[in-house]
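Quick notes on the structure that follows.
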Amino acid sequence: MGQQHWAAAEDSLKKSIPLFDATIERRRKWDKESGGAEFAGPPIGWKATTLAYLGIVYLREGRVTDALKTSDTAWDTVMQPHVPSSFQSGVVKLGLAIAQASGDENAISEWTLRSSQQK
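Okay, so the sequence shown: first residue is 318 according to this note's numbering, each after it adds one.
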């Protein structure tokens with residue numbers, strides 16, 4: 318992303334999502350076995366952040382609809398139980414930036430509301 322190689326960044330981000338899914342499932346198993354619920358939270362947050370960055374890549378590629386949809390998916394992901402709040406603030410920052418850059422008034426309103434609900 319830093320070198321603005323958007324296609325390569327998209328490919329890399331997309332490949333990482335299934336890796337997070339596998340980690341999340343392993344950690345959920347640990348949570349179930351240990352009676353806790355904290356092990357799966359961070360990788361869910363990492364996945365949400367990755368999705369938010371993928372939204373940025375889509376925006377840079379001119380794929381505004383995909384960018385907005387992916388940022389909403391990042392929001393849904395980061396709002397799962399036991400995800401540290403630091404991930405939520407990062408996703409909100411990126412989602413709001415995507416919404417503002419898109420010019421979509423509904424998305425801007427939604428992300429502004431999400432931003433105002435931060436802890």
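Glycine included, each C-beta is placed from N, C-alpha and C at the ideal position. Please read all numbers here as calculations on a predicted model, not as lab measurements.
Less than 8 Å separating the beta-carbons of residue i and residue j?
{"i": "ILE361", "j": "ILE334", "result": "no"}
{"i": "LEU430", "j": "ALA369", "result": "no"}
{"i": "LYS331", "j": "LEU385", "result": "no"}
{"i": "GLY407", "j": "THR366", "result": "yes"}
{"i": "ALA357", "j": "ARG344", "result": "yes"}
{"i": "VAL409", "j": "SER426", "result": "no"}
Within 10 angstroms of its Cβ, does residue i collect 16 or more other Cβ (buried), or is it exposed?
{"i": "ASP389", "result": "buried"}
{"i": "THR387", "result": "buried"}
{"i": "THR382", "result": "exposed"}
{"i": "LYS350", "result": "Per the sequence shown, residue 350 should be read as Glu rather than Lys. Exposed: under 16 other Cβ atoms inside 10 Å."}
{"i": "GLU422", "result": "exposed"}
{"i": "ALA325", "result": "exposed"}
{"i": "ALA339", "result": "exposed"}
Looking only at its chain, what residues have a beta carbon closer than 8 Å to the beta carbon of residue i, apart from the 5 residues adjacent to it on each side?
{"i": "MET396", "result": "GLN405"}
{"i": "ILE373", "result": "MET318, ALA384, LEU411, ALA414, ILE415"}
Between which residues of its own chain and residue i is the CB-CB distance below 6 Å, once the five residues before and five after are set aside?
{"i": "LEU336", "result": "none"}
{"i": "TRP323", "result": "VAL374, ARG377, GLU378"}
So, at 7 Å on beta carbons, what are the nonlocal neighbours of residue i in its own chain, with the 5 sequence-adjacent residues on each side left out?
{"i": "THR394", "result": "ILE361, LYS364, ALA365, LEU368"}
{"i": "ALA424", "result": "LEU385, ALA416"}
Could you tell me which whole alpha helix (DSSP H) segments of length 4 or greater appear in the stretch 349-382?
Entirely contained in the stretch 349-382, the alpha helix (DSSP H) runs reaching 4 residues are, in chain order, 358-377.
Can you list, in chain order, the stretches of the alpha helix (DSSP H) that have 4 or more residues and sit fully within the stretch 376-418?
Qualifying alpha helix (DSSP H) stretches, in chain order: 381-395.
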